[in-house]
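Asks: Residue 67 in full-length UniProt numbering sits at position 67 of the sequence shown; the count goes up by one each step and never skips.
Quick one: structure below, then a few questions.
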Amino acid sequence: MYLLACEKTSEAIAIDPLDHALCLETANAMGWNIKIVANTHHHHDHIGGNGPVIASTNAELVSHKDAMDAIPDVNRGLMAGDDLHCGEFTLKVMDTPGHTMSHICLYFAGNNDEQPALFCGDTLFNAGVGRCDFGGEPKILHKTFEDHIFPLEDNVRIFPGHDYIENNLEFTLDREPDNKMAISLRDKFKNGLDAESFVSDIGLEREINVFFRLNENQVRAKLASSLDLDIANLDNQKTFIGLRKLRDNW
Ligand SMILES: [Zn+2]
């Protein structure tokens, strides 16, 4: 969950504020007024705190327009390209199906003080991607990555809905044992780097996230061998789907 505020107006957006008490306490301590609660998708571990946050703040609840049936009391449905304004900053709505079929990511384009940032729910994780077996579809998730995630600039910081980076690095290394960047980062965590405060960006993901590395020979060769496939038939989509399948049971 994330709480973002405009420094000038103290108006704030709460994204998937499951731990509503912590969210409200933090806003209170900072002197921020939560104007908007935004849900990336309908899973309970993202919407479960909406009620108490809205009861205390009278915030507007927004979600993907097609998730309005699945999320109680949404005030405004969002579509690709919509802008979410809060004080003097804006988040751009991206339509990113695959983990669920009605999932949004929220993109901050950056300014003089802040690098761009993507609040990506359960679409993209640090060194991994969301699973698709709770209402999603791996082929659609791959298309979301091709259309919306892979084209992002390297300096876009990512803020996912969960943090599985240490386990995800082990999966990358299971699939691509020669990945030096993944080995180096895994070793840093083993030596005490704090995973909770670590923020990845798209440039780093291109190096350490096996789902960004669909063209790598070692990734394809190991996948073909693990799933008994002909490597000559693997393309990026099939590789992505195969990796997702292996990760489901890994
Ligand atoms: Zn989810």
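Just so it is clear, CB atoms sit at the ideal spot from N, CA and C, and this is done for glycine as well.
Model, not experiment: these values are computed from the prediction.
1) Three or more C-beta pairs closer than 8 angstroms, one from the segment 40-47 and one from the segment 79-88: is that the case here?
2) Would you tell me roughly how many angstroms separate the C-alpha atoms of A27 and E216, rounded to the nearest one?
3) Bridge partners of L106, per DSSP?
4) Do G128 and H103 come within 8 angstroms of each other at the CB atom, strictly closer than that value?
5) Spell out a yes or no on whether the segment 174-190 and the segment 134-154 are touching, meaning 3 or more CB-CB pairs, one atom from each, closer than 8 angstroms.
6) Of the choices L18, T90, G161 and T9, whose alpha-carbon is the least far from that of N126?
7) Return the chain-ordered list of same chain residues with a C-beta closer than 6 angstroms to the C-beta of T90, the five sequence neighbours on each side being excluded.
8) Using 10 angstroms around the beta-carbon of S225, count the other beta-carbons present and answer buried if the total reaches 16, otherwise exposed.
9) Would you call the segment 152-168 and the segment 230-240 in contact, with 3 or more CB pairs under 8 angstroms?
10) What residues come near ligand 1, if near means a beta carbon less than 5 angstroms from any of its heavy atoms?
11) Can you tell me whether DSSP reads E114 as helix, strand or coil?
12) Figure out for me which residue from H99, E114, C105 and H46 has the closest Cα to the Cα of A80.
13) Could you give the distance in angstroms between the alpha-carbon of K190 and the alpha-carbon of K65?
14) Just grab the DSSP bridge partners of Y2 for me.
15) Just reading off the beta strand (DSSP E) that D83 is part of, what are its end residues?
16) Along the alpha helix (DSSP H) that carries A38, what are the first and last residues, could you check?
17) Would you kindly check if the distance between the Cβ of A109 and the Cβ of V53 is under 8 angstroms?
18) Indicate whether G49 and T100 have their beta-carbon atoms separated by less than 8 angstroms.
19) In chain order, which continuous runs of the beta strand (DSSP E) of length 3 or greater are located wholly inside the segment 156-235?
20) Nearest by alpha-carbon distance to L204: which of D147, L173, V93 and D154 is it?
21) What three-state label does DSSP hand V53 in the structure shown?
22) Check whether the Cβ atoms of N33 and S10 lie closer than 8 angstroms to each other.
23) What distance in whole Å lies between the Cβ atoms of Q115 and R76, which are believed to be in contact at a cut-off of 8 angstroms?
24) Can you give the Cα-Cα distance for D19 and C6, rounded to whole angstroms?
25) Just list the residues that DSSP pairs V62 with in beta bridges.
26) Out of curiosity, what's the CA-to-CA distance linking E176 and I208?
27) Within the same chain, show all residues whose beta-carbon is closer than 6 angstroms to that of F198, passing over the 5 residues directly before and after it, in chain order.
Replies: On the basis of the supplied data:
1) no
2) 45 angstroms
3) V93 and F119
4) no
5) no
6) G161
7) D83
8) exposed
9) no
10) H43 and D122
11) coil
12) C105
13) 42 angstroms
14) I15
15) D83 to C86
16) A38 -> not in any alpha helix (DSSP H); beta strand (DSSP E) instead, spanning N33 to A38.
17) no
18) no
19) 157-160
20) D154
21) helix
22) yes
23) That pair is no contact at about 28 angstroms.
24) 21 angstroms
25) A38 and R76
26) 10 angstroms
27) none
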